[in-house]
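Asker: Below you'll find the structure I mean.
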Amino acid sequence: QTVTIKARQKSLKEFIVSLHENTGYHFIYNSDLLNDAPKVDVAYTNAPLETVLAENFTANGFNYVVNKADKTVILNKKTVSAAAPAAQPVKGVVLDDKGNPVTGATVMVKGTNVATTTNNIGAFTINAPDNSKTLVVIYVGYETQEVPVTGSKVLNIVLKTNSTSLDSVIVIGYGSQKKSNVSYAIASLNSEAITDRAISRVDQALVGQIAGVNVKQTTGLPGKAFSIQVRGSGSISANTEPLYVLDGFPLGQSVQDGTGGFSGGNALDNINPDDIESIEVLKDAAAAAIYGSRGSNGVVLITTKKGKVGKARIQVSGSAGYNEANRKVDMLNGEEWADRATEMINAAYVSAYGSRGATAQDDRDKRISIIGANNISYIPDPRWAQPGHPGLRYVDWQDEIFRKGLQQNYQVSASGGSSNVNYFFSVNNIRQEGIVIGTSNNLYSARANVEANFNQKLKLGINLSPSYSLLRDPGVEGKDVIFHQALNMTPIVEDSAGLYTNTYGNNPYNWAVQFNSPVQKALNQVGETKRFRTVASVYGIYTIIKGLNFKTSVNVDFSNSNYTRYVPYTVSNLLNVRNSQTTVNTSGGYQTNNYQAFVNENTLNYTRNLTGGHNLNVLLGQSYNNFTSDNSAMNSVGGYTNAYVKTLNYAAGIQGRTSASQNILLSYFSRVQYAFRSKYLFSGSIRTDGSSRFGENTRWGVFPAASVAWKMSEEPFIRSIDKISDLKLRISYGVTGNNNIGDFSATATTASYGYVFGSTQAPAIGQAPNRLPNPNLKWEKSATTDIGLDVGLFKGRITASFDYYNRLTRNMLMNVAVPEVTGFQIALDNVGQVRNKGWEIQLSTKNIVIKQLQWTTNVQLAHNSNKVVALGSGQTQILVPSLYTTVANTVLKVGESINSIYVIKRIGTLTQDDINAKVARYGAQTVGDARYEDYDRNGIIDAGDRQVVGHPNPDYTWGVTNTLNYKGFDLRVLVQGQVGGSIYSILGRAVSQTGFGYIYNQLGDYRDRWRSPENPGSGVRDKAYSTFGSIVNTDWLYSSDYLRVRAITLGYDLKTLLKKAGVGSARMFVSLENFFGKDKYYGGANPESANTDLSGNGNYPQSGDYGGLPLAKSLIVGVNLSF
Amino acid sequence: CKRSLDVVPPSSGTTKIFYLNQEDFLQGVAAVYNGLRAYPDRLMNLSETRSDNLYAASVLGTQPYDAINSFRRNAVSNVYVEAAWNDDYNAIFRANYFLEQLELKGNIISSEVLRNRLGAEVRFLRAFYYFDLVRYFGKVPLVVKTVLPGEAVTIPRTPVAEVYAQIIEDLKYAMEVLPASYTGADVGRATRYAAGSLLAMVYMARSGATYSIEGPGLASNEWTEALRLINEVINSKVYTFNTNYASIFSYANQNPNVNKEAVFDVMHVSGLNPVLGASFVSLTVPDSYFTTVLQKPAQLGGAGRPTSFDLYRTYDTAVDVRAKTNFLLYYTALGIPGNRPYLRKYMDSTKVPVNIRDWGINFMAIRYTDVLMLKAECILQGAAGGTQEEVDSIVNLVRTRAKIAPVSGVTLEQLYQERRRELVGEGSRWFDLQRSGTLVTTMNNWIKTDDDLKQIEPVVKEFVLYPVPQSQLDVRPGLYTQNQGY
């Protein structure tokens, strides 16, 4: 290394800057030491660096150590007592906890300024003064170690990873902070928890990891978003998904639709999980209030990877494996179905024709003669009883639609940086075939994160991530579509039709429900979503004076998606209709959804460390958010004119529409963080938000928050306790908001109400207001108190956080009943209160820490209880409308959880004694039918007997991660689960409703049904042939408790095998995702399924399961290499 | 900066940008007419089903119409009862909103004639909706301007007489201003004679029996006034008596200017998007008829609401053409007790729509034959200026058309029976019973003959009215007092 430099009367500090620019070397020194240094006059041309250093530093009373590998120079004041005891060289080697040499670690003699760094094999030699006793070894990411100097022996120093990370920095809203100085409830997840596994979405990584963050996998389809709730649900009508912030860019649009999906898009769609550096979740109000009106549901901060100064690093990773359904729904098989059908047909026959002498033993001919016709309602298929069932095929429809799907993930990334520029580039392809034939997701994404120092004062950066995805779903989840029909479908077909039953040229099986074969539907129907999304941020940071930075950023998120739907006539309708009107029965559609977010934020950040241990950080900011969307939909009318072309240009007619929406959010915010001697911590913030969504009089809201923390472990009386390494008490209070209602809910919009006039009847367009204006409509406001305790014991071997919170949401955005004389039944207003209370424990223990074997355990456990405290104007309950049951089955009731389940309780089976004793019955119930509890004790069973029997949210959620490292192996096991919630399953209704015809297949527990008073079965299922109808009851109520082994990942460090130069690291792994588990949801496949709008009413959004797929379990093998 | 928060909805109209031109006002009126679209279903559900015309008791006893026909007291939460209150008040809101805007910005409408006519049409409709409410619920809160929720919770139910006063004022205004008829694209709008006929009906309802409840009847003895109004309608010669019963309800005879029986139609047309067809047609016909006999998709009837024996037996089914037109002899496999016929008056099996709510047939809200028979009723009730000969001739006109023998010296009871046979499915029966004063006895006698399933509660005078819907009582407890008997 040579230097060419000229300088006149430069201070030593300025000279160092020039040297740095000239050589790229970093200088590490205590700035105070240079204050009194003399100015220098130099002129070098291609002089060796050593010479320059010697002439300028040694001469001025400094020691220096040059580390060529790391390109660093460490400066120290020459010890004054240089003449004192002669220094003697101490030698040693520094290794990491895996036994690899650590290059570039700083080794210092304690109490002196003597220091050196380790070389590329981790070795060092230091001239320690004779009387020195201890060496200090410092290396970023590892715990600082003190090592006694013992004679002339070569020291073997092993560093431990700094997993308590107390000195690490974590991301907070609009900035970052030393973790030890945080006074809020923030939880974080680092990249290893993401990239070491085989996952395909960012939200998937959060499952079971963070206490109080409940991640629901609501669908078994690949590529679809998860639903996340932070600390319970605090809203009835408004959305409860958290705000996602990607590298400082608050994303929009993660609104759960009525069916529980994200048809309008989810903020995490198309974001590549392999690009993630860390995820932080702001849980309490003090942390989230800096996001004001969007903070109530929690804030998830996602940080992507950045390049690090140093050599360019190229990483290549690839994984592949399969996924398949993790379970099935237990349905009757062909034999069992035929058994039940025969029983029901006989009972119906005897009931209808008993007066003409019909008995259950009558054969087909006798029945025909009694009935006078061949009627399948009264005559079973004789082949059911024949051995081998000639001409019939018994089918398990679930087996036919499920498959093993291939899953792959490939990524190449390059990162690196110099002192002026750092960069991270990646390209990625994730492709998944779903567990059902015809389903898949394929995502291509790329990312460029580049940051450049323009000069000393100005830094510019860009994060750019384009992506394209193609998701195929022929219509699998939901009511009357493939999976629901595969369950309800008769498990017997004519052998001649087979899996083509009731499609193409085949009739349905005579005794079967007239569904089209779900296999053919999956293969022939088209449902394709193509999404092109670009998320881009450009920012500049300007240092005005030391400690004061101005940052401005412009962020855009463009997402364009289109959806193509096509159903050919071959898999719809009945054969005679298919044949007579082929192209009429073909239908198709095309929809587009374009979404644009534009966010400009400007912040001033001032940091000052005052003498006496005062640390101050002040933030001032302003933000402008503009979200627009437009969409279009076209559908075929009257079929297609061609049986092969799928695009709408061949539709007989087209119906189309377009629509658009917009909202604007304007904000001003500020925050002060203050720490005194890192012991007493204070933070206060305030944000003012103005949104176009709210009433003219109430556009602006104020969201203050404050928190204090006391690091007791810094107090001498705790410090003296050796076992306690960290102890911090946190208390916070703050107000956050929820603005997740539609864009123009406060405005009196008009809608179309047509009529017919004319001597030739013709439509007349009518228009009138369709809702009441509410100029006073404002945010939901949540006030949250949080008390937390962070504990570290035994030098960080055990760390734990405990939080208690109490969140009261007021002014809920709710559609309240108003007198109809206003013209409307409801008006959106701010009424009602909901309280979420709970606690969380996050515990991390290092069970074994020896050189060969490390074992750590992370445990998270959270409890939440959710209660409606008040509804509008003295109301005590609201029955949530139900689309699928004639009486409501869900209630909003003061004192109960949101959306409590409100149904009649089944308490057994009716016996003759019951009937003699005149127990309450529902309609025309007879012996062998269900016995229900007469809750209101009025002698009959009706809707008045409903009672609260459960609530949808779990009481407890938990997760345990165990990590083991043994030699080159690493093993990570994540087990998680939930307890205490219930599902009221509308799918359960479809597969176990009383009074359903025999044609439908029903749950497997009907094999042990009530058959006669002598043969009452298991007591769970009543008689097959019941004629009293049905009422909402506990038959369809299931516990949502589950336990899942979410991930088992076994990795092996190949570096020991690949001794080739150039390979920086190499790991191969095998990962079992969601492979084992257990749940109590007998009437469905996934306790967290959401695919159907149950209320059919946007005022009381409630989604649930009507044919949700099981989750996928997968086995993936992969390799990560870096060069 | 703050102004940038005023974002205008790009995809929906708002009240701020509405009523800015003449076309807006025409659309505003059409939206008030739109409220009529729920009217025929309401008559089916609340008049026909409650009366002795249908036996709407299901085997399971759990259908929404069970509570109506079986006089259950829990009908306070019944969907049909809720819908009646809600739909009428929603339409009244639109009318009030329109009239306020007409007052404020009506000058945009260049023609004063048109401006006045639109106002009169809307006042006719407001009276129409209030009259509907009074006949079902008795006292109802009277609002003649738009009210926000804060004010609405201070408005209690208004005495029936005051509601009638408003109805009469609106209808008198409408009679003055509205034209006798329309041409071309305006055909189907309210006319002077529609208003006159409706006002006659209002007077007749007021003159009906009181049952000592705060119901629609005030025993006000305004038969003479009603007769005068009816004679004006008849003497206008705008309407003629159609001698072919079936053609009155024919899909080929829908133009109100051609179908001279139509004094006021609720107009429908099939095949449009959004749907502007009718749904009342199939309410009484079982789904299985469509699926098995016609091989068509199920419609709205469910298991069906069969006709009462008591009604069907009053026809001379061998000769009465109305029996064939009005009923379907179809027996369901499930077997409603006694295998009764179904009411199918408006159903043409060749016109089954693709969408179940899209039948292309008008509903005659006021039919000329009905007006004639109301005249006979006024005379029999003692209205000045009428004779028994007039009564007999009206009834015989109807009977002759039905191909049954003429009669003479028609009594009030005979007239009501003829009305029942003639007007079944048109929603008059329950109101005829209300007016006649015989509702309680007639219904209780009918229960004895028809209630095979023994589901119907004994009828008491309080059942002349429906209960105020529970949802309205719940909004502000104490604001509305519930009708007695519920």
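Quick mapping for you: the protein sequence lines, in order, are chains A and B. So the mapping is simple: my numbering equals the position in the first sequence, first residue as 1, plus 386. So the mapping is simple: my numbering equals the position in the second sequence, first residue as 1, plus 51. Just so it is clear, CB atoms sit at the ideal spot from N, CA and C, and this is done for glycine as well.
1) Of all the CB atoms in chain B, is at least one closer than 9 angstroms to the CB of T1135/A?
2) Below 8 angstroms, how does it come out for the stretch 1023-1043 of chain A and the stretch 617-635 of chain A: are there three or more Cβ pairs, yes or no?
3) Figure out for me which residue from T1146/A, P1159/A, V1142/A has the closest Cα to the Cα of G1152/A.
4) When every heavy atom of the ligand ATP is checked, does at least one fall within less than 8 angstroms of the C-beta of N1485/A?
5) Given a limit of 9 angstroms on CB to CB distance, which residues of the stretch 61-83 of chain B reach chain A?
6) In its own chain, which residues sit with a C-beta less than 6 angstroms from the C-beta of G1510/A, not counting the 5 before and 5 after it?
7) If the cut is a Cβ gap below 7 angstroms, which residues of chain A does I206/B touch?
8) Pull up the CB-CB distance for P1149/A and L327/B, whole angstroms please, since I reckon it's below 8 angstroms.
9) Quick one: what does DSSP say M875/A is sitting in, helix, strand or coil?
10) So what does D1075/A bridge to, in DSSP terms?
11) Using a beta-carbon distance below 9 angstroms, is Q977/A in contact with chain B?
12) Please list, in chain order, the chain A residues whose beta carbon lies closer than 8 angstroms to that of Q523/B.
13) Quick check on the DSSP output: the alpha helix (DSSP H) that includes H319/B runs from which residue to which?
14) Alpha helix (DSSP H) containing Q590/A: first to last residue?
15) For chain A, is any of its Cβ atoms less than 9 angstroms away from the one on V309/B?
16) DSSP puts E837/A in a beta bridge; with which residues?
17) Is the CB of P1155/A under 9 angstroms away from at least one CB in chain B?
18) Indicate whether V511/B and G529/B have their beta-carbon atoms separated by less than 9 angstroms.
19) Does the beta-carbon of N962/A have 16 or more other beta-carbons within 10 angstroms, so that it is buried, or is it exposed?
20) Under DSSP, the beta strand (DSSP E) around M1200/A begins and ends at which residues?
21) Just curious, the beta strand (DSSP E) that S801/A is in, first and last residue?
22) Given a limit of 8 angstroms on CB to CB distance, which residues of the stretch 229-240 of chain B reach chain A?
23) Between the stretch 638-648 of chain A and the stretch 552-562 of chain A, do at least 3 Cβ pairs fall closer than 8 angstroms?
24) Give the straight-line distance between the Cα atoms of L457/B and A427/B, rounded to the nearest whole angstrom.
25) Using only the alpha-carbon positions, how far apart do N141/B and Y677/A sit?
26) At a CB-CB cut-off below 9 angstroms, which residues of chain A make contact with A203/B?
27) Output the residue ranges of the alpha helix (DSSP H) runs that lie fully inside the stretch 406-441 of chain B and measure 4 residues or longer, sorted by chain position.
28) Around the Cβ of E464/B, are there at least 16 other Cβ atoms within 10 angstroms (buried) or fewer (exposed)?
29) Report back the beta-carbon spacing between G478/B and L394/B to the nearest angstrom; my notes put them in contact at under 8 angstroms.
30) Alpha carbon to alpha carbon, how far is Y106/B from N496/B?
31) Do I299/B and M415/B have their C-beta atoms within less than 9 angstroms of each other?
32) I need the boundaries of the alpha helix (DSSP H) containing S258/B, first residue and last residue.
33) Would you say M318/B reaches chain A, if we count a Cβ-Cβ gap shorter than 9 angstroms as a contact?
34) Listing by chain order, which chain B residues have their CB less than 7 angstroms from the CB of S1259/A?
35) Assign A245/B to one of two classes, buried (16 or more other C-beta atoms within 10 Å of its C-beta) or exposed (fewer than that).
36) Between D1427/A and G1224/A, what straight-line distance do the alpha-carbon atoms span, to the nearest angstrom?
Answerer: Once the coordinates are examined:
1) Output row for T1135/A: interface = yes.
2) No, the stretch 1023-1043 of chain A does not touch the stretch 617-635 of chain A.
3) Of the candidates T1146/A, P1159/A, V1142/A, the one whose C-alpha sits nearest the C-alpha of G1152/A is V1142/A.
4) With respect to the ligand ATP, the structure shown offers nothing to examine, as it has no ligands at all.
5) Those residues of the stretch 61-83 of chain B that come within reach of chain A (Cβ to Cβ, closer than 9 angstroms) are P61, S62, S63, G64, T65, T66, K67, I68, F69, E74, D75, L77, Q78, G79, V80, A81, A82, V83.
6) What the structure shows of chain A is the stretch from 387 to 1509, and residue 1510/A is not part of that stretch, so it cannot be assessed.
7) In chain order: V1207.
8) Between L327/B and P1149/A the Cβ distance is about 6 angstroms, and since that is below 8 angstroms, they are a contact.
9) M875/A falls in the coil class under three-state DSSP.
10) DSSP output for D1075/A lists S1053/A, G1087/A as bridge partner(s).
11) Closer than 9 angstroms to the CB of Q977/A there is not a single CB belonging to chain B.
12) Under the 8 angstroms cutoff, chain A gives P1205, E1206.
13) No alpha helix (DSSP H) contains H319/B, which DSSP labels as neither H nor E.
14) Counting along the chain, the alpha helix (DSSP H) containing Q590/A begins and ends at 588-591.
15) Interface residue, yes.
16) In DSSP, E837/A forms a bridge with N808/A, G847/A.
17) So, interface residue.
18) In this structure, V511/B sits away from G529/B, with a CB-CB distance that is not shorter than 9 angstroms.
19) Per the 10 Å Cβ criterion, exposed.
20) Unbroken beta strand (DSSP E) run through M1200/A: 1199-1203.
21) Segment 791-803, the beta strand (DSSP E) holding S801/A.
22) Of all residues in the stretch 229-240 of chain B, T234, G235, A236, D237, V238, G239, R240 have a Cβ within less than 8 angstroms of some Cβ in chain A.
23) Contact between the stretch 638-648 of chain A and the stretch 552-562 of chain A is absent, because fewer than three Cβ pairs lie under 8 angstroms.
24) Residue identity check: residue 457/B is Pro in the sequence provided, not Leu. Looking at the two C-alpha atoms, the distance is approximately 15 angstroms.
25) Whole-angstrom Cα-Cα distance: 40 angstroms.
26) Near A203/B (Cβ distances below 9 angstroms), the residues of chain A are V1204, P1205, E1206, V1207, T1208.
27) 419-431, all fully within the stretch 406-441 of chain B.
28) With fewer than 16 Cβ atoms within 10 Å of its Cβ, E464/B is classed as exposed.
29) Contact annotation, G478/B with L394/B: C-beta distance approximately 12 angstroms; criterion of less than 8 angstroms not satisfied.
30) Those two C-alpha atoms are separated by around 14 angstroms.
31) In this structure, M415/B lies closer than 9 angstroms to I299/B by Cβ.
32) 243-258 is the span of the alpha helix (DSSP H), which, as asked, contains S258/B.
33) Closer than 9 angstroms to some Cβ of chain A, the Cβ of M318/B qualifies, so yes.
34) Near S1259/A (Cβ distances below 7 angstroms), the residues of chain B are R527.
35) Looking at its Cβ environment, which holds 16 or more other Cβ atoms inside 10 Å, A245/B is buried.
36) Roughly 18 angstroms between the two C-alpha positions.
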